[in-house]
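*Asks:*
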Amino acid sequence: MNAVGPRLVIATHNAGKLREIRALVAPFGIECVGAAELDLPEPEETGTSFVANAELKARAAADQTGLPALSDDSGLSVDALHGEPGIHSARWAEDETGKRDFGFAMERVEKALSDAGPEAGRDAHFTCALTLAWPDGRTESFEGKVFGHLVWPPRGANGFGYDPVFVPHGHEQTFGEMEPEAKHAMSHRAKAFEQLVHFLDQSRSS
10 MNAVGPRLVI ATHNAGKLRE IRALVAPFGI ECVGAAELDL PEPEETGTSF
60 VANAELKARA AADQTGLPAL SDDSGLSVDA LHGEPGIHSA RWAEDETGKR
110 DFGFAMERVE KALSDAGPEA GRDAHFTCAL TLAWPDGRTE SFEGKVFGHL
160 VWPPRGANGF GYDPVFVPHG HEQTFGEMEP EAKHAMSHRA KAFEQLVHFL
210 DQSRSS
């Protein structure tokens, strides 16, 4: 993991994502600094996939800071909603003033499912794309997913985003009810991070 050096920019302004990524990186002794702490602007997410948006954000942060940067793009995809909100998960949380409110976003998802009719299933999955970008222009991307179903009303105050309505397969608690360590052991972000660590381990030994 030290292939990225002693300092890594986490290219997100989302405090919840930054907290989770810091927890995942902590065992490797790397100092993580968030994009907001460096006053980096949020680039417009114009990609058409999670990986494309993660690459866009990581490259921008690496270019602006001259440091390796790690970016996350993630979201909730609901089968009955044809994969929505998907890459627009954060936008679904924007209220009329442009402020992000994930309580509002969860209500939007629930209303859309209700409008889809009683036959609509509640299967869903989270996707996380992680991109590591170096100042020389190199990038490596990794994607993880976790499958489950949605519940209503929301349960639990842990996690962030859509966590309180998502129950992963094989479990009864929502991500919002789980202790952080339990979520980190199975989440879409953890699965993508495992691939990242494997890549860096291989790079270090080659």
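For any residue, its number in our numbering is found by taking its place in the sequence shown, counting from 1, and adding 9. Note that the Cβ used here is the ideal one computed from N, Cα and C, for glycine as well. Keep in mind the model is a prediction, meaning the values are calculated, not measured.
Can you tell me the Cα-Cα spacing of Leu49 and Pro127, whole angstroms?
*Replies:* Within the sequence shown, numbered from 1, the residue matching residue 49 stands at position 40. Within the sequence shown, numbered from 1, the residue matching residue 127 stands at position 118. Near 45 angstroms, if we compare the C-alpha coordinates of Pro127 and Leu49.
*Asks:* Contact check, Leu21 vs Ala44 under 8 angstroms by CB: the rounded distance?
*Replies:* Here the question's residue 21 lines up with position 12 in the sequence shown. Here the question's residue 44 lines up with position 35 in the sequence shown. In the sequence under discussion, the amino acid at residue 21 is Thr, which differs from the Leu named in the question. Indeed they touch by this definition, with Cβ atoms about 6 angstroms apart.
*Asks:* Considering only their Cβ atoms, is the gap separating Ala121 from Leu159 smaller than 8 angstroms?
*Replies:* Here residue 159 is taken as the residue at index 150 of the sequence shown, counted from 1. Here residue 121 is taken as the residue at index 112 of the sequence shown, counted from 1. No; because the gap between Cβ atoms is not below 8 angstroms, this pair is not in contact.
*Asks:* For Arg68, report the span of its alpha helix (DSSP H) as first-last.
*Replies:* Position 59 of the sequence shown, counting from 1, holds the residue named residue 68. Element bounds for Arg68: 59-74.
*Asks:* Return helix, strand or coil for Phe208, following the three-state DSSP convention.
*Replies:* On the sequence shown, position 199 is the one that residue 208 refers to. Phe208: helix per DSSP, three-state reduction.
*Asks:* For the beta strand (DSSP E) that Pro177 lies in, which residues bound it at each end?
*Replies:* For the purposes of this step, residue 177 is identified with residue 168 of the sequence shown, where counting begins at 1. Segment 175-177, the beta strand (DSSP E) holding Pro177.
*Asks:* Please list the segments of the beta strand (DSSP E) lying wholly inside the stretch 121-169, counting only runs of 3 or more residues, in order along the chain.
*Replies:* 132-142, 148-159
*Asks:* Tell me, please, which residues DSSP counts as bridged to Ile19.
*Replies:* As a working mapping, residue 19 is identified with position 10 in the sequence shown. According to DSSP, which records beta bridges pairwise, Ile19 is partnered with Gly43, Leu79.
*Asks:* What does the Cβ neighbour count give for Asp82, buried or exposed, with the cut at 16 atoms within 10 Å?
*Replies:* On the sequence shown, position 73 is the one that residue 82 refers to. It is buried - the Cβ of Asp82 has at least 16 other Cβ atoms within 10 Å.
*Asks:* Three-state secondary structure (DSSP) at Arg94?
*Replies:* For the purposes of this step, residue 94 is taken as the residue at position 85 of the sequence shown. Arg is not the amino acid found at residue 94; the sequence shown has Pro there. If DSSP states are grouped into helix, strand and coil, Pro94 belongs with the strands.
*Asks:* Tell me the DSSP secondary structure of Gly38 in three-state form.
*Replies:* For the purposes of this step, residue 38 is identified with residue 29 of the sequence shown, where counting begins at 1. Residue state, collapsed to three classes: coil.
*Asks:* Please go through the same chain and pick out, in chain order, the residues whose beta-carbon is closer than 6 angstroms to the beta-carbon of Arg109, but skip the five residues on each side of it.
*Replies:* By 1-based counting over the sequence shown, the position of residue 109 is 100. Around Arg109: Ala102, Glu103.
*Asks:* Where does Asp172 land, buried or exposed, given buried means 16+ other C-beta within 10 angstroms?
*Replies:* Taking the first residue of the sequence shown as 1, we reach residue 172 at position 163. So Asp172 ends up on the buried side.
*Asks:* For the alpha helix (DSSP H) that contains Glu190, what are its first and last residues?
*Replies:* Position 181 of the sequence shown holds residue 190. Start and end: 189-193.
*Asks:* Using only CA atoms, which one of Ala138, Thr136, Glu93, Ala67 lies nearest to Arg117?
*Replies:* Against the sequence shown, residue 117 aligns to sequence position 108. Out of Ala138, Thr136, Glu93, Ala67, Glu93 has the C-alpha closest to the C-alpha of Arg117.
*Asks:* State yes or no: is the C-beta of Ala142 within less than 8 angstroms of the C-beta of Glu152?
*Replies:* Looking up residue 142 in the sequence shown gives position 133. Looking up residue 152 in the sequence shown gives position 143. Cβ distance not < 8 angstroms, so Ala142 and Glu152 don't count as in contact.
*Asks:* So the candidates are Arg16, Ala69, Asn167, Asp88; which of them puts its Cα closest to the Cα of Ser80?
*Replies:* Position 71 of the sequence shown, counted from the first residue, corresponds to residue 80. Selected option, being the one with the closest Cα: Ala69.
*Asks:* Excluding the five sequence neighbours on either side, which residues of its own chain have a C-beta within less than 6 angstroms of the C-beta of Val13, listed in chain order?
*Replies:* Residue numbering aside, residue 13 sits at position 4 when the sequence shown is read from its first letter. Contacts found: Pro77.
*Asks:* In angstroms, rounded to a whole number, what distance separates the CA positions of Ser58 and Lys154?
*Replies:* As a first step, residue 58 is located in the sequence shown; it is residue number 49 there, counting from the start. As a first step, residue 154 is located in the sequence shown; it is residue number 145 there, counting from the start. For Ser58 and Lys154, the distance between alpha carbons rounds to 14 angstroms.
*Asks:* Decide if Thr106 is buried, meaning its Cβ has at least 16 other Cβ atoms within 10 Å, or exposed.
*Replies:* For the purposes of this step, residue 106 is identified with residue 97 of the sequence shown, where counting begins at 1. Exposed, by the Cβ-count rule.
*Asks:* Is the beta carbon of Asn167 less than 8 angstroms from the beta carbon of Glu190?
*Replies:* Taking the first residue of the sequence shown as position 1, residue 167 is located at position 158. Taking the first residue of the sequence shown as position 1, residue 190 is located at position 181. Cβ atoms of Asn167 and Glu190: not closer than 8 angstroms.
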